[in-house]
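Presented below is the structure to which this report refers.
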Amino acid sequence: MVPAGLRLDRVGVDYGAVTAVGEVTLDLAAGGLTALLGPSGCGKTTLLRVVAGLERPSRGRLLLDGTDITALPAEARRFGVVFQSFALFPHLSVADNVAYSLAIAGVGRTERRARAEELLRLVQLGGYGARRIGALSGGQRQRVAIARALAQEPRVFLLDEPMSALDAKLREEMQVELRLLQQRLAITTVVVTHDQREAMTMADRIVVMSAGAIEQVGTPAEIYHKPASAFVASFIGRANRLEGRVCCGAIETAAGWLRPKGGLRFIEGAAVQAMCRPERVWLRPATEPGENRLPARVVFVRDMGHQREIHLGLGLDAQGERLIADVPATDTTPFAVGDSVTAEIAPEALLVFPGQGTERPLEVAR
Amino acid sequence: MSLASVDPLPSEAEAAPARAAPGLPRPALALLSGVLLVLAVAPFVLVFVISFGQNEDGAAWHWALVLENYQRFFVGLDYPDTFSTLYLERLWNSFLYSVLGALIAVALAFPFAYALTRRSRATQTLWLVLLLSALSLSEVFVVMGWDILLSNKSGLPMVFRETGLTQWLKDVGAFPILREWGLATPRNVRFKPSVFATLVSLTYIVWPYAVILLYAPLSRLDRSQIEAARTMGAGPFTVVRTVVVPAVRLPLIGATLLLFVYLLGVLVSVTVFAAPPEHTLTVSIADAVRGSALNAPFGAAQSVVLLVVASVFLLASLWLTRRAEATR
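Line by line, the protein sequences are chains A and U. Per the working numbering, the first sequence starts with residue 169, numbered consecutively. Per the working numbering, the second sequence starts with residue 5, numbered consecutively.
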């Protein structure tokens, strides 16, 4: 089956006076996996429900391979949906759950059974057809939900927080399995998640949403390394944040001066926030003043096994803002609580955004 | 302080009396249970015992151990000279009215309750208050309302005649069928006495109960199951048939059984709307105990038979339900 491309054209959803989704325009590539990522209440599930046909948009259009399907009801779209609760039918056996859409379509019993078994084998549950849903574990239920959604050979595959009911270890395994399955079947897929790790593992493209609007669309690497806003930088992965003001082409913070690579796009005196990833903070054992070098003291060390998180109090008295640096775990501990250090941030690792509460970025047109 | 000096924690056995302390003392609890048991069981035992008693002239009776009341019920007093199935027919009427009334009420309540759960919270609350208010109406009041509504001179038959509906029914040839069903005289439609009027009244009485009994399980239904079915191609009716009804099948059975038992005891509706040959056992019991017959032992025997039949029916239904669940 040829995968279908989906376009959301200025789609918005209002509930009375409340706007759940502002006005979203988005192209979902045929055969790709797109993750809608954002905090609770950002509108990602609402958007997925609009795509599934379970919610009517207040405005905008939905185009499937160029055909307007906005008014098409959910039962006529042939989109496979995996719900957060899996929504399996407890009164049916595993095989009957998987074959539900085929029964609705009038497929004969023998063919239904064969197809259900084939799909169950695909999700590594061959031989489970006669079991009751209540007899399955969380991971097995998720596989049944996936097999059931795939039974009707969907044009688009939609998953709403599919891993949230699973424990951490199983979640990691299923992320990889689901991605491999999606690549094998090459179905246009949309996954809703609030787990950035899940999105990074599975998606070709990530759509970061906040307050009913898209903050950024990009590949996992783009989203992580080139976040478009302070929100994206702090939501995807961990980020250190320092408040400051633009002065003489650099950022003056309480702890010292920072100068990003390529200069600043902000006008003189503008309030900004400088952000950097913990793994891009390098620690030197002694106080070595200089640009992009901030004096600090170790206040806490967290051993994560494969690496250590060094929590720093900035300033000579360690009373300033907090900074976290990730260092590789070694047999010896190079930094201990109370040590004076220098935190160096590479210019190319510095991300600069308008300061918090700034109504509009005081950017210089470039 | 050394570990040895710490008081050991009380064992489970020692701790148990302490946990029981806030409740009633055991003898008081036993006494209360005994009193409740006696109060609950005593009337049934008394009715059972009286059913073997003997009637006397002037509405009196005396203790005895005779089977004549049961003989009268099953085969008639003059058996083997004559054989009477009058009371068995009344039992059958009780069964039929109760089953049909319960099934119709549940069938009408299900779509209403399902639609109600999909409305706003405010609408749901309003309807629930109205339904609870309807429950407070006594059977006598309901029957009086329907009696007026169905009366031949001032009720629906009059409306039928005045609006020309009666003539239209005659013109389209539906009248002979209505007459065959006992719902028309040669001149106009007639709703009482009839099985139809009795069933309408019975259904009206228990319909609010059915809605309230079904509302809770339908409210708890996982909405995502309905949505999942829709995304797999199921239309609204298919969703109800394949997802909603199976999900609430046990509450549906439970509600039907409960209403069936309730309707077995309904008296006024049957007395007013059913023709004497269609009267139920409840009417006959009321006649025997407080009515024209005044034969308490025979009334008690009829009550025992009704109780046994209802119990057998309920147990059989529960057994079948459990068996069906186990074989799923």
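C-beta: ideal position from N, C-alpha, C; glycine also.
Following the DSSP letters along the chain, one finds Ser378 (chain A) inside the beta strand (DSSP E) bounded by residues 373–378. Gly458 (chain A) has A:Arg461 as its beta-bridge partners, per DSSP. Within the model, the alpha-carbon separation for Ala119 (chain U) versus Leu254 (chain U) is close to 19 Å. Here Thr278 (chain A) is exposed. Its C-beta has fewer than 16 other C-beta atoms within 10 Å. For Gly258 (chain U), the closest Cβ of chain A is not nearer than 8 Å. Residues of chain U whose Cβ lies closer than 8 Å to the Cβ of His259 (chain A) are, in chain order, Pro250, Ala251, Arg253, Arg332. Taken atom to atom, the span from the alpha-carbon of Leu194 (chain A) to that of Gly180 (chain A) is near 12 Å. Residues of chain U whose Cβ lies closer than 9 Å to the Cβ of Ile272 (chain A) are, in chain order, Ala233, Met236, Gly237, Ala238, Gly239, Thr242, Thr246. Following the DSSP letters along the chain, one finds Ser508 (chain A) inside the beta strand (DSSP E) bounded by residues 508–513. In the structure shown, Pro522 (chain A) falls within a strand segment according to DSSP collapsed to helix, strand and coil. Judged by their CB atoms, Val249 (chain A) and Ala220 (chain A) are nearer to each other than the 8 Å cut-off.
Judged by DSSP in its simplified three-state form, Met148 (chain U) adopts helix. When C-beta atoms of the region 197–206 of chain A are compared with those of the region 199–216 of chain U, fewer than three pairs fall below 8 Å, so the two segments do not count as touching. The three-state secondary structure of Arg452 (chain A), taken from DSSP, is strand.
In this structure, Ala106 (chain U) lies near Leu263 (chain U), with their beta-carbon atoms less than 8 Å apart. Along the region 208–235 of chain U, going in chain order, the ones with a CB nearer than 8 Å to a CB of chain A are Asp226, Ser228, Gln229, Glu231, Ala232, Ala233, Arg234, Thr235. In this chain, Asp195 (chain A) is not harboured by any alpha helix (DSSP H); it is covered by the beta strand (DSSP E) spanning 186–196.
A straight line joining the alpha-carbon of Asp471 (chain A) with that of Trp450 (chain A) spans about 17 Å. Neighbours of Val249 (chain A) in chain U, taken as residues at a C-beta separation under 7 Å, are given in chain order as Ala232, Thr235.
Note: Gly62 (chain U) is not bridge-paired with any residue in the DSSP secondary-structure output. For the region 195–256 of chain A, the continuous alpha helix (DSSP H) assignments of 4+ residues that do not extend past its boundaries occur at 212–220, 242–245, in sequence order. Counting only Cβ-Cβ distances below 9 Å, Leu222 (chain A) has contacts in chain U at Glu231, Arg234, Thr235, in chain order.
Each of U:Leu41, U:Glu166, U:Ala314 was checked against the Cα of Tyr266 (chain U), and the nearest Cα belongs to U:Ala314.
Tyr183 (chain A): member of the beta strand (DSSP E) spanning 174–183, first to last residue. By the Cβ criterion, the region 181–200 of chain U is in contact with the region 151–160 of chain U, since at least three pairs of Cβ atoms, one from each stretch, lie closer than 8 Å. Looking at the DSSP output, Pro496 (chain A) sits in a beta bridge with A:Gln475. By the neighbour-count criterion, in which a residue is buried when 16 or more other Cβ atoms sit within 10 angstroms of its Cβ, Cys415 (chain A) is exposed. Apart from sequence neighbours up to five positions away, the residues of its chain that approach Val243 (chain U) with a beta-carbon distance below 8 Å are Ile230, Ala233, Arg234, ordered along the chain. Just so you know, the alpha carbons of Phe48 (chain U) and Ser296 (chain U) end up roughly 23 Å apart. Among the residues facing chain U, Gln343 (chain A) is not included, as its CB has no counterpart in that chain under 8 Å away.
In the three-state scheme derived from DSSP, where H, G and I count as helix and E and B as strand, Asn299 (chain U) is classed as coil. In this chain, the beta strand (DSSP E) harbouring Phe325 (chain A) covers 324–328.
For Gln487 (chain A), the three-state secondary structure derived from DSSP is coil. Your pair Thr202 (chain A) and Asp328 (chain A) does not check out as a contact, with CB atoms roughly 13 Å apart and the cut at 8 Å. Taken in chain order, the members of the region 316–339 of chain A whose beta-carbon sits within less than 7 Å of a beta-carbon on chain U are Gln320. Under the criterion of beta carbons closer than 8 Å, Pro388 (chain A) and Ala371 (chain A) qualify as touching, at roughly 6 Å.
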